[in-house]
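Each remark here refers to the structure printed beneath this line.
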Amino acid sequence: MMAIFHDMVEKMMEVFMDDFSFFWNSFESFLPYLDKMLKQCEDTNLYLNWEKSHFMVKKGIVLGHKISKNGIEVDKAKIDVIAKLPHPTTVKGMSSQQKNKFLKDVKHYFWDDPFLFKICADQVIRRCAHGQEAIDILKACHNRPTGGHHGPNYTAKKGIDFMGPFPYLRGNKYILVAVDYLSKWVEAKALPTNDARVVCKFLKSLFARFGTPRGIISDRGTHFCNDQFAKVMLKYGVTHCLAIAYHPQTSGQVEVSNRGLKKSWKGQWARIVPFGRIS
Numbered sequence: 009m010m011a012i013f014h015d016m017v018e019k020m021m022e023v024f025m026d027d028f029s030f031f032w033n034s035f036e037s038f039l040p041y042l043d044k045m046l047k048q049c050e051d052t053n054l055y056l057n058w059e060k061s062h063f064m065v066k067k068g069i070v071l072g073h074k075i076s077k078n079g080i081e082v083d084k085a086k087i088d089v090i091a092k093l094p095h096p097t098t099v100k101g102m103s104s105q106q107k108n109k110f111l112k113d114v115k116h117y118f119w120d121d122p123f124l125f126k127i128c129a130d131q132v133i134r135r136c137a138h139g140q141e142a143i144d145i146l147k148a149c150h151n152r153p154t155g156g157h158h159g160p161n162y163t164a165k166k167g168i169d170f171m172g173p174f175p176y177l178r179g180n181k182y183i184l185v186a187v188d189y190l191s192k193w194v195e196a197k198a199l200p201t202n203d204a205r206v207v208c209k210f211l212k213s214l215f216a217r218f219g220t221p222r223g224i225i226s227d228r229g230t231h232f233c234n235d236q237f238a239k240v241m242l243k244y245g246v247t248h249c250l251a252i253a254y255h256p257q258t259s260g261q262v263e264v265s266n267r268g269l270k271k272s273w274k275g276q277w278a279r280i281v282p283f284g285r286i287s
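Count along the sequence shown from 1, then add 8; that gives the number in the numbering used here.
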């Protein structure tokens, strides 16, 4: 079609596959072009379907759309056909688009994972998971990241470390930092020394306010590795975990907290330290 009417396309004719529309702004000047178009059809043995051919119209249907001086409108006959289509009652009867939407919505109602109770339609319990099976199910539900309960191994672990020495100010030279590994809550206290006595006193205050953790991670400094510190850990039932030598990543969370505190306190040591504890 494009080859036959190449000299008319986009001037007085629009072609789409085997359909074309012929137009002009006035009837008298249009007749010579119409004669030329019909002559080219005759020369190339192009047959026109007279049932689908319309001449001298102000509006008509092209490619399923109604064209008029008002613009382009959808053919009402096509809308009626679609509206009268029967609704599918089976998955097989759906179109691929409807099927994908249906499967996307319904997949949330299929649950093949283990669950605590198996029930029938009338809500009568048929079987109760018991023993080790019930414990495994509860652990899977509570301890996973999205379970709402982060599990004992996450909530009961704290890191502890010293910062300093800093320039003396009001008798303080060191800062003892403790951080919760789950909430990232930081407790920091300015201290005059970094010996076992001040560490134990700080931990007792921490345990009184937040409870005893399951374990505390620290480096191998003498202020943490001594008999006095070990007795406090034994008294409160806390496991003391030592970081690997020359491997600060073992106590990475408290090291990250220290770096953040140093950055925020830069140039403000004189104003912040006298308050004793920064939370």
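Ideal placement from N, C-alpha and C gives every residue a C-beta, glycine not left out. Since this is a predicted model, take the numbers as computed values, not measurements.
Residue i to residue j span [Cα, whole Å]
i, j, result
"residue 170", "residue 234", "15 Å"
"residue 95", "residue 108", "16 Å"
"residue 211", "residue 149", "33 Å"
"residue 174", "residue 229", "18 Å"
"residue 206", "residue 179", "14 Å"
"residue 56", "residue 111", "47 Å"
"residue 103", "residue 93", "12 Å"
"residue 203", "residue 141", "49 Å"
"residue 60", "residue 68", "11 Å"
"residue 198", "residue 182", "6 Å"
"residue 25", "residue 98", "36 Å"
"residue 201", "residue 177", "12 Å"
"residue 246", "residue 218", "14 Å"
"residue 82", "residue 147", "59 Å"
"residue 36", "residue 51", "24 Å"
"residue 193", "residue 214", "12 Å"
Check whether residue i and residue j have beta carbons under 9 Å apart
i, j, result
"residue 232", "residue 145", "no"
"residue 77", "residue 66", "yes"
"residue 75", "residue 29", "yes"
"residue 71", "residue 27", "yes"
"residue 45", "residue 64", "no"
"residue 90", "residue 49", "no"
Buried or exposed (CB count within 10 angstroms, at least 16 for buried), residue i
i, result
"residue 216", "exposed"
"residue 15", "exposed"
"residue 254", "exposed"
"residue 221", "buried"
"residue 165", "buried"
"residue 80", "exposed"
"residue 185", "buried"
"residue 39", "exposed"
"residue 195", "buried"
"residue 265", "buried"
Neighbourhood of residue i by C-beta, 8 Å cutoff - its chain only, sequence neighbours within 5 removed
i, result
"residue 248", "223, 224, 226, 232, 237, 238 and 241"
Spatial neighbours of residue i in its chain, beta-carbon cut-off 6 Å, leaving aside the 5 residues before and after
i, result
"residue 250", "228"
"residue 131", "Residue confidence for residue 131 is low, a pLDDT of 49 falling below 50, so the modelled location carries little weight; the figure read from the coordinates is stated next. Nothing listed; no residue qualifies."
Own chain partners of residue i with C-beta closer than 7 Å, once the 5 adjacent residues on each side are dropped
i, result
"residue 261", "167, 187 and 189"
Subject >> Unbroken stretches of the beta strand (DSSP E), 3 residues or longer, contained in the segment 174 to 226 >> reply: Counting only runs of at least 3 residues, the segment 174 to 226 fully encloses the following beta strand (DSSP E) elements, listed from N- to C-terminal order: 182 to 188, 194 to 199 and 223 to 226.
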